[in-house]
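In our numbering, the protein residues as written are 724 to 1013.
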């Protein structure tokens, strides 16, 4: 079975390819990074060019698609809304149309940032209320995809962490490097998420691809602040803690507004077999890899 993964060279894309390797013939699209991924046929495609995207579909003729490619930096989206809309919304609509025509499973990654953070934990049935342009674009993409292809799985992801190859950035690696170099690492005490490892998130996406039509939340089981996650990271990865400092969202001015608590209720996914492990055990397993 052929799997097409857009954004294969990113952090989550790399994890999806690792999880898919035993069961799928994997084709991945990449644009700005072309480092090889073992076992993956990489295609250089500018997804914003509809002709290139259609040609990639015709070339691969996939049996399923996991659409990850996005401008996922809220600050970039806030500063360049028209450019990011093209990738975050227009491309998603085109892919939904192509999957609908071919009648093949589609999993699309959305975000917990479709919520404003005032009424957590959030279930799939809660109304969206984005406070940033990134969250707004993802919310629009969710609606437009399901309008075009109701059988698509819309997977809302939380903060993801884990090991990554050199070409894909992982916040965990950047945090660990800062602490090892005893540079200051300021983390929010007033921003809460339900983090999950890249491996677990990828496994959740395949579960959704197989079992879900419509909305599903793929967060972790534990609600935790950025700062407390940093403390956990220090403990489990044996990192120096001299640079770790607590701060509040208001202390760090950024272009995109940040919601205070976008914890996801993932009980629907848990009932379908999704099984995130404890943050401690996930982090302990990463020791020596980040």
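Here a beta-carbon is modelled for each residue, glycine too, at the ideal position from N, C-alpha and C.
Computed from a prediction, not measured in an experiment: that's the story for all the values here.
Query: As assigned by DSSP and simplified to three states, the class of residue 896; Result: helix
Query: Exposed unless 16 or more other CB atoms sit within 10 angstroms - verdict on residue 871; Result: buried
Query: Close beta carbons around residue 988, own chain, < 7 Å, minus the five adjacent residues each side; Result: 844, 845, 846, 940
Query: Extent of the continuous beta strand (DSSP E) run through residue 752; Result: 748-753
Query: 3-residue-minimum beta strand (DSSP E) runs that sit fully inside the stretch 829-878, ordered along the chain; Result: 829-834
Query: Minimum C-alpha distance to residue 801 - residue among 1009, 858, 979; Result: 979
Query: Residue 949 burial status per 10 Å Cβ neighbour count (16 or more: buried); Result: buried
Query: Simplified DSSP assignment, three categories, for residue 934; Result: helix
Query: Whole-Å CB distance - residue 997 paired with residue 885, under 8 Å assumed; Result: No, residue 997 and residue 885 are not in contact; Cβ-Cβ is about 16 Å, not under 8 Å.
Query: Residues of its chain near residue 881, where Cβ-Cβ distance is below 7 Å and the 5 sequence neighbours each way are ignored; Result: 835, 916, 917, 918, 919, 942, 943, 987
Query: Neighbourhood of residue 954 by C-beta, 8 Å cutoff - its chain only, sequence neighbours within 5 removed; Result: 964, 967
Query: Inter-residue Cα distance where the pair is residue 799 and residue 849; Result: 27 Å
Query: Through-space distance from residue 1005 to residue 903, alpha-carbon basis; Result: 20 Å
Query: With 16 other Cβ atoms within 10 Å as the buried cut-off, status of residue 767; Result: exposed
Query: Beta carbon of residue 727 nearer than 9 Å to that of residue 787; Result: yes
Query: Selected residue, minimal CA-CA separation from residue 790, among 781, 782, 994, 817; Result: 817
Query: CA-to-CA distance, residue 742 to residue 814, given in whole angstroms; Result: 25 Å
Query: Beta-carbon proximity of residue 744 to residue 762, cut-off 9 Å; Result: yes
Query: DSSP beta-bridge partners of residue 725; Result: 748
Query: Three-way DSSP call (helix, strand, coil) for residue 763 in this model; Result: strand
Query: Environment of residue 994 [buried if 16+ CB atoms lie within 10 Å]; Result: exposed
Query: Assigned secondary structure, residue 956 (DSSP; H/G/I helix, E/B strand, else coil); Result: helix
Query: Counted within 10 angstroms of its Cβ, other Cβ atoms place residue 861 as buried (16 or more) or exposed; Result: buried
Query: Whole-number beta carbon distance between residue 785 and residue 827, since they are thought to touch under 8 Å; Result: 6 Å
Query: Boundaries of the beta strand (DSSP E) in which residue 969 is found, first to last residue; Result: 967-970
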